[in-house]
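Asker: Got a structure for you, questions after.
There are 4 protein chains.
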Amino acid sequence: MEAHNGLSARIVEAEGFEGIWASGLSISTALGVRDANEASWTQVLDVAEFMVDATSIPVMLDGDTGFGNFNNARRLIRKLCQRQIAAVCIEDKVFPKTNSFIGAAQELADPQEFSGKIKACKDSQTDSNFAVVARVEALIAGRSMQEALDRAATYHDAGADAILIHSKKPDAGEILTFANMWGNTAPLVIVPTTYYNTPTEEFEKAGISMVIWANHNIRAATSIMLTTCRHIRQHRHLRDIEKKITSVGEIFDLLGYAELEAAKARYLPGEEMTKDDRVF
Amino acid sequence: MEAHNGLSARIVEAEGFEGIWASGLSISTALGVRDANEASWTQVLDVAEFMVDATSIPVMLDGDTGFGNFNNARRLIRKLCQRQIAAVCIEDKVFPKTNSFIGAAQELADPQEFSGKIKACKDSQTDSNFAVVARVEALIAGRSMQEALDRAATYHDAGADAILIHSKKPDAGEILTFANMWGNTAPLVIVPTTYYNTPTEEFEKAGISMVIWANHNIRAATSIMLTTCRHIRQHRHLRDIEKKITSVGEIFDLLGYAELEAAKARYLPGEEMTKDDRVF
Amino acid sequence: MEAHNGLSARIVEAEGFEGIWASGLSISTALGVRDANEASWTQVLDVAEFMVDATSIPVMLDGDTGFGNFNNARRLIRKLCQRQIAAVCIEDKVFPKTNSFIGAAQELADPQEFSGKIKACKDSQTDSNFAVVARVEALIAGRSMQEALDRAATYHDAGADAILIHSKKPDAGEILTFANMWGNTAPLVIVPTTYYNTPTEEFEKAGISMVIWANHNIRAATSIMLTTCRHIRQHRHLRDIEKKITSVGEIFDLLGYAELEAAKARYLPGEEMTKDDRVF
Amino acid sequence: MEAHNGLSARIVEAEGFEGIWASGLSISTALGVRDANEASWTQVLDVAEFMVDATSIPVMLDGDTGFGNFNNARRLIRKLCQRQIAAVCIEDKVFPKTNSFIGAAQELADPQEFSGKIKACKDSQTDSNFAVVARVEALIAGRSMQEALDRAATYHDAGADAILIHSKKPDAGEILTFANMWGNTAPLVIVPTTYYNTPTEEFEKAGISMVIWANHNIRAATSIMLTTCRHIRQHRHLRDIEKKITSVGEIFDLLGYAELEAAKARYLPGEEMTKDDRVF
Numbered sequence: 006m007e008a009h010n011g012l013s014a015r016i017v018e019a020e021g022f023e024g025i026w027a028s029g030l031s032i033s034t035a036l037g038v039r040d041a042n043e044a045s046w047t048q049v050l051d052v053a054e055f056m057v058d059a060t061s062i063p064v065m066l067d068g069d070t071g072f073g074n075f076n077n078a079r080r081l082i083r084k085l086c087q088r089q090i091a092a093v094c095i096e097d098k099v100f101p102k103t104n105s106f107i108g109a110a111q112e113l114a115d116p117q118e119f120s121g122k123i124k125a126c127k128d129s130q131t132d133s134n135f136a137v138v139a140r141v142e143a144l145i146a147g148r149s150m151q152e153a154l155d156r157a158a159t160y161h162d163a164g165a166d167a168i169l170i171h172s173k174k175p176d177a178g179e180i181l182t183f184a185n186m187w188g189n190t191a192p193l194v195i196v197p198t199t200y201y202n203t204p205t206e207e208f209e210k211a212g213i214s215m216v217i218w219a220n221h222n223i224r225a226a227t228s229i230m231l232t233t234c235r236h237i238r239q240h241r242h243l244r245d246i247e248k249k250i251t252s253v254g255e256i257f258d259l260l261g262y263a264e265l266e267a268a269k270a271r272y273l274p275g276e277e278m279t280k281d282d283r284v285f
Numbered sequence: 006m007e008a009h010n011g012l013s014a015r016i017v018e019a020e021g022f023e024g025i026w027a028s029g030l031s032i033s034t035a036l037g038v039r040d041a042n043e044a045s046w047t048q049v050l051d052v053a054e055f056m057v058d059a060t061s062i063p064v065m066l067d068g069d070t071g072f073g074n075f076n077n078a079r080r081l082i083r084k085l086c087q088r089q090i091a092a093v094c095i096e097d098k099v100f101p102k103t104n105s106f107i108g109a110a111q112e113l114a115d116p117q118e119f120s121g122k123i124k125a126c127k128d129s130q131t132d133s134n135f136a137v138v139a140r141v142e143a144l145i146a147g148r149s150m151q152e153a154l155d156r157a158a159t160y161h162d163a164g165a166d167a168i169l170i171h172s173k174k175p176d177a178g179e180i181l182t183f184a185n186m187w188g189n190t191a192p193l194v195i196v197p198t199t200y201y202n203t204p205t206e207e208f209e210k211a212g213i214s215m216v217i218w219a220n221h222n223i224r225a226a227t228s229i230m231l232t233t234c235r236h237i238r239q240h241r242h243l244r245d246i247e248k249k250i251t252s253v254g255e256i257f258d259l260l261g262y263a264e265l266e267a268a269k270a271r272y273l274p275g276e277e278m279t280k281d282d283r284v285f
Numbered sequence: 006m007e008a009h010n011g012l013s014a015r016i017v018e019a020e021g022f023e024g025i026w027a028s029g030l031s032i033s034t035a036l037g038v039r040d041a042n043e044a045s046w047t048q049v050l051d052v053a054e055f056m057v058d059a060t061s062i063p064v065m066l067d068g069d070t071g072f073g074n075f076n077n078a079r080r081l082i083r084k085l086c087q088r089q090i091a092a093v094c095i096e097d098k099v100f101p102k103t104n105s106f107i108g109a110a111q112e113l114a115d116p117q118e119f120s121g122k123i124k125a126c127k128d129s130q131t132d133s134n135f136a137v138v139a140r141v142e143a144l145i146a147g148r149s150m151q152e153a154l155d156r157a158a159t160y161h162d163a164g165a166d167a168i169l170i171h172s173k174k175p176d177a178g179e180i181l182t183f184a185n186m187w188g189n190t191a192p193l194v195i196v197p198t199t200y201y202n203t204p205t206e207e208f209e210k211a212g213i214s215m216v217i218w219a220n221h222n223i224r225a226a227t228s229i230m231l232t233t234c235r236h237i238r239q240h241r242h243l244r245d246i247e248k249k250i251t252s253v254g255e256i257f258d259l260l261g262y263a264e265l266e267a268a269k270a271r272y273l274p275g276e277e278m279t280k281d282d283r284v285f
Numbered sequence: 006m007e008a009h010n011g012l013s014a015r016i017v018e019a020e021g022f023e024g025i026w027a028s029g030l031s032i033s034t035a036l037g038v039r040d041a042n043e044a045s046w047t048q049v050l051d052v053a054e055f056m057v058d059a060t061s062i063p064v065m066l067d068g069d070t071g072f073g074n075f076n077n078a079r080r081l082i083r084k085l086c087q088r089q090i091a092a093v094c095i096e097d098k099v100f101p102k103t104n105s106f107i108g109a110a111q112e113l114a115d116p117q118e119f120s121g122k123i124k125a126c127k128d129s130q131t132d133s134n135f136a137v138v139a140r141v142e143a144l145i146a147g148r149s150m151q152e153a154l155d156r157a158a159t160y161h162d163a164g165a166d167a168i169l170i171h172s173k174k175p176d177a178g179e180i181l182t183f184a185n186m187w188g189n190t191a192p193l194v195i196v197p198t199t200y201y202n203t204p205t206e207e208f209e210k211a212g213i214s215m216v217i218w219a220n221h222n223i224r225a226a227t228s229i230m231l232t233t234c235r236h237i238r239q240h241r242h243l244r245d246i247e248k249k250i251t252s253v254g255e256i257f258d259l260l261g262y263a264e265l266e267a268a269k270a271r272y273l274p275g276e277e278m279t280k281d282d283r284v285f
């Protein structure tokens with residue numbers, strides 16, 4: 006499930022998901038910039054670090070193109086391992102990237118160049134469990150199914166731990182075809198943003214290993230912030246809002262404020278538990 | 006109206022508010038840390054910078070205690086002016102701060118020490134329109150109305166452009182008393198988080214200059230992310246979610262993706278407008 | 006004169022230079038990484054910000070290729086203006102860059118693509134005095150004198166305020182030829198790192214506007230740190246070192262510690278001047 | 006041996022030292038700010054991270070007061086462990102700190118409060134080998150030898166792995182007295198900046214475990230940058246400088262550029278080794 010900052014990551018964990026997708030679209034949107042490498046790779050890394058710090062489930066970072074060539078990518082991988090990020094997904098496009106839902110025929114990376122990048126990533130990981138997922142953009146770019154399969158095979162040979170096959174079709178047809186032709190060569194990951202009508206059971210039957218709900222937290226947050234702002238701006242009071250939104254006290258609980266009060270009692274001389282004094 | 010990142014700041018502006026409150030509670034919550042100076046002051050500054058970059062209305066930063074003594078505070082002010090932040094609010098507590106809604110009798114700063122800090126801030130601003138708002142925490146800390154008034158007067162004498170008088174009472178009584186006794190000495194700012202039932206008109210009648218809706222975007226976002234995650238986790242599909250949340254295309258519009266496509270046509274040789282190719 | 010951090014920038018100003026060259030090679034070397042865009046553009050920006058904060062003379066940033074395409078470059082320019090950096094130099098190579106002294110035939114940017122980048126930079130500056138210097142790498146890459154002149158003219162037409170013509174020859178021949186053929190079309194900037202034997206007067210006669218001493222602070226610092234470490238490691242005492250190096254007191258003076266003590270006396274109640282108490 | 010950035014750290018390792026002292030004075034000086042917590046704790050962390058990335062020997066960070074209370078300190082410790090920093094030294098003063106060589110009677114932390122901070126640090130380390138060194142400033146602040154010993158014992162009881170006893174006397178008398186009275190209770194660390202005349206053998210005989218040469222790289226670098234700038238400014242040429250300073254090629258060697266060229270040959274299709282093409 007997508008997250009874009011420490012808070013949303015904690016919510017994803019609290020609601021029982023097994024892993025966090027640190028989405029490039031969502032992170033850039035939250036920052037207020039566009040999904041076109043407008044934020045630097047270290048600014049993205051900082052966001053991912055806050056996510057890891059706030060949670061205990063695996064975080065997979067949307068690593069775009071690796072933010073440059075093989076050398077930029079392998080530097081990224083060392084930093085991700087250092088920050089205890091569990092996996093990265095890199096895509097076979099060129100830096101700076103354009104969001105996959107914009108443009109008819111985006112430029113793709115040379116498969117050999119991208120394979121060298123994957124190999125550099127795998128050679129550089131300092132955590133043996135770290136996973137590199139290769140994202141195949143061939144279908145997005147209007148290339149053939151065969152090219153998509155060939156690229157996936159090439160990337161897997163180069164060391165990719167899994168393949169993310171991306172599609173912007175309104176139905177799951179080409180994804181299921183790909184999965185069928187790909188077989189069990191390596192784990193498959195999908196992102197059903199446009200083909201959201203297909204039941205997850207169908208993906209499971211097709212042998213797909215992971216489904217990413219890629220941007221629904223940021224989109225939900227956007228929608229409610231728009232309506233909340235509109236309401237407050239229009240009515241100039243909070244009465245109707247107060248009961249519908251998370252209370253300050255629940256925010257305190259979600260972020261672990263009680264731990265801090267307990268720690269004060271433990272580490273500060275003369276300090277006692279003050280939780281009872283909370284207004285919320 | 007509160008914002009906590011570039012996206013929420015842009016939403017606040019889009020919905021017509023006149024200014025943005027870069028809330029310390031909200032920023033720390035979004036980052037996934039506690040409102041206790043767990044994020045460094047430069048991490049907070051980075052967030053505020055993204056807000057300014059994403060908007061064109063004034064941003065006032067919740068500057069806590071100024072993140073240390075007068076020297077830390079004046080260094081902050083120079084950075085805020087450099088980042089085109091319009092104002093800062095600093096409070097008369099001690100670093101590291103505790104959220105005002107926790108603890109019965111928080112320690113307050115010595116009024117003379119805090120006045121020196123305000124003076125240092127005003128002497129250091131490089132933008133002549135920059136405003137320093139002094140936040141009086143006396144009522145929060147259980148001190149007398151007279152002490153609150155005395156502190157406000159002292160801070161105003163030291164150069165504060167406005168006074169934020171804070172209260173955690175469920176009604177506006179002490180706030181209105183303060184406003185009545187304060188008169189027109191300097192502009193008053195209030196934060197009706199606990200006393201949300203009072204109509205804004207009453208505050209206007211009392212001569213209050215600014216009302217801050219201090220944390221309602223982050224709380225609204227939290228509530229909907231919790232329910233969205235719960236739904237997707239339980240149902241494992243997006244069908245019921247898709248229509249209720251902001252679409253990817255609306256995200257693109259809110260963040261100005263069309264400007265980027267237009268700029269490509271202007272600055273990249275052989276590039277043409279691709280907006281029509283957007284999936285969303 | 007080159008600088009690579011706040012300290013070296015302050016030294017450059019203290020010794021009377023008119024401007025600071027925030028060198029990419031030097032900044033990356035100081036950070037401990039290679040001059041191949043291993044540091045992110047925001048990490049470079051952070052370094053440049055410390056330089057500006059520490060000085061009052063103009064800083065020109067070595068902006069490499071603009072750290073991506075026109076959009077990355079114009080985002081950089083807005084940030085440089087915000088940080089009061091006076092100028093940027095961008096070069097007609099491809100991201101990620103390789104240092105100009107490595108490799109026989111480095112890939113160059115398409116002149117039209119690079120011109121669009123310059124135009125985007127000029128259109129984006131928020132400080133009307135900000136200057137964009139176009140660095141021509143044609144001679145470095147083994148291209149002809151005519152191509153160098155053509156590229157320079159194209160970049161100037163696109164809006165470049167000045168041309169930096171770079172050479173890695175051991176003598177100034179091709180630089181002087183270029184200057185002679187270029188005439189007064191636009192100001193010329195040179196970097197005599199390899200052709201250091203030519204007197205500056207010759208460059209002045211040739212009409213060159215600016216000479217950059219590009220990396221001599223970092224190289225001098227490296228040499229003395231190597232010998233200082235070697236001496237201390239071998240002799241295990243500081244006696245012979247102490248008198249040869251800047252004293253702690255001179256460091257305090259260079260960094261303005263007296264201002265802080267004076268400010269304490271002004272802003273802290275009960276504080277008095279303590280300069281006399283300095284050990285150094 | 007002191008270092009203040011990635012480059013100086015690499016030099017310290019190259020010259021055979023067993024560990025690196027990431028000095029607060031040196032780091033702030035290199036950044037161009039004062040040793041008074043003007044740089045935020047995350048800015049200091051960023052510098053330390055570059056040091057660790059550039060080296061393979063242990064780095065001990067000068068952690069000042071822990072940058073706030075126990076909670077700020079334990080957050081720091083988690084980040085230091087994450088960045089593979091080997092140890093931290095925290096001192097019993099109050100935030101924001103003043104450099105130990107300034108001021109006659111600096112305020113000291115309450116010993117119980119500081120002990121709680123040490124305990125919080127030890128409880129928070131995620132690397133079992135991480136060491137917390139407690140720095141006793143009692144002698145610096147003009148307190149008695151007995152208070153220094155009492156504080157050291159209290160901090161050791163609270164979990165400190167070693168004691169740094171600091172002095173600003175021109176001779177080693179009080180340090181040797183302290184060491185004699187302290188005995189073998191816990192390892193002792195010293196910083197002979199002012200008492201540099203004492204041979205290291207005497208410290209060894211006194212049972213001192215570690216000597217820190219605390220600021221001699223930054224002071225040496227400052228001195229040579231001052232003279233280099235003065236020379237270039239005056240003579241306007243590099244002829245006399247060139248042969249005296251580290252060459253660009255030696256910089257390339259020190260930073261491992263050959264590894265990058267080798268990696269290009271390995272990971273980039275059609276790329277061959279280009280080391281022979283280096284100008285330097």
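Chains as they are written, first to last, in my numbering: chain A, 6 to 285; chain B, 6 to 285; chain C, 6 to 285; chain D, 6 to 285. Glycine included, every Cβ here is placed at the ideal spot set by N, Cα and C.
1. Can the beta-carbon of V137 of chain C be found closer than 9 Å to that of D166 of chain C?
2. Excluding the five sequence neighbours on either side, which residues of its own chain have a C-beta within less than 7 Å of the C-beta of S33 of chain C, listed in chain order?
3. Starting from the C-beta of A219 of chain B, find all residues in its chain whose C-beta is less than 7 Å away, skip the five residues before and the five after it, and write them out in chain order.
4. Quick one: measure Cβ to Cβ for S172 of chain B and Y201 of chain B, integer angstroms, because I've assumed they're closer than 8 Å.
5. If you measure between the beta carbons of N104 of chain C and Y272 of chain D, is that distance less than 9 Å?
6. So, for K174 of chain C: in the same chain, excluding its five sequence neighbours on each side, which residues have a beta-carbon less than 7 Å away from its beta-carbon?
7. Work out the CA separation of S228 of chain A and R241 of chain B for me, nearest whole Å.
8. Is the distance from the Cβ of L154 of chain A to the Cβ of L193 of chain A below 9 Å?
9. With burial defined as no fewer than 16 other Cβ atoms inside 10 Å of the residue's Cβ, what is the status of P274 of chain B: buried or exposed?
10. Please list, in chain order, the chain C residues whose beta carbon lies closer than 8 Å to that of E305 of chain B.
11. Which chain B residues are close to F100 of chain D, counting only those with a beta carbon under 8 Å from its beta carbon?
12. With a threshold of 8 Å on Cβ separation, who are the neighbours of Q111 of chain A within its own chain once the five nearest residues in sequence on each side are excluded?
13. In the DSSP output, which residue or residues are listed as bridge partners for K98 of chain D?
14. Work out the CA separation of I256 of chain B and N189 of chain A for me, nearest whole Å.
15. Does K122 of chain C pass the burial test, meaning 16 or more other C-beta atoms within 10 Å, or should it be called exposed?
16. Where T233 of chain A and I246 of chain A are concerned, what is the direct C-alpha to C-alpha distance, given to the nearest angstrom?
17. Using a beta-carbon distance cut-off of less than 7 Å, what residues from the region 46–73 of chain C approach chain A?
18. Go through its chain and collect everything with a Cβ distance to E54 of chain A's Cβ below 7 Å, but skip five positions before and after it.
19. Given that a residue counts as buried once 16 or more other Cβ atoms are within 10 Å of its Cβ, and exposed if not, what is A270 of chain A?
20. Which residues in the same chain as I82 of chain D place their Cβ atom closer than 6 Å to its Cβ, once the five residues preceding and following it in sequence are excluded?
Answerer: Put simply:
1. Using a Cβ distance threshold of 9 Å, V137 of chain C and D166 of chain C count as a contacting pair.
2. Cβ within range, chain order: R39, D40, E43 and A44.
3. The answer, listed in chain order, is E7, W26, S28, V196 and T198.
4. 12 Å between Cβ atoms; not a contact.
5. The answer is no: Cβ separation not under 9 Å.
6. For K174 of chain C, same chain residues with a beta-carbon under 7 Å away, outside a window of 5 residues either side, are T199 and Y200 in chain order.
7. When rounded, the distance between both Cα atoms is 21 Å.
8. No, they are not a contact pair.
9. So P274 of chain B counts as exposed.
10. Only positions 6 to 285 of chain B appear in this structure, which leaves residue 305 of chain B out of reach.
11. Scanning chain B for C-beta atoms nearer than 8 Å to the C-beta of F100 of chain D yields G73 and F100, reported in chain order.
12. By the criterion of a C-beta distance shorter than 8 Å, Q111 of chain A is surrounded in its chain by K98, T103, S105, E142, I145 and A146, once the five residues flanking it on both sides are discounted.
13. The beta-bridge partner set that DSSP reports for K98 of chain D consists of D:L113.
14. Rounded to the nearest angstrom, the two C-alpha atoms are 36 Å apart.
15. When all chains shown are included, K122 of chain C counts as buried.
16. If you take the alpha carbons of T233 of chain A and I246 of chain A, they lie about 7 Å apart.
17. Result list: W46, T47, Q48 and G73.
18. For E54 of chain A, where only same-chain residues beyond five positions count, the Cβ hits under 7 Å are R88.
19. Exposed is the call here.
20. Non-local C-beta neighbours of I82 of chain D in its own chain, meaning closer than 6 Å and more than five positions away in sequence, comprise C126, S129 and Q130, ordered along the chain.
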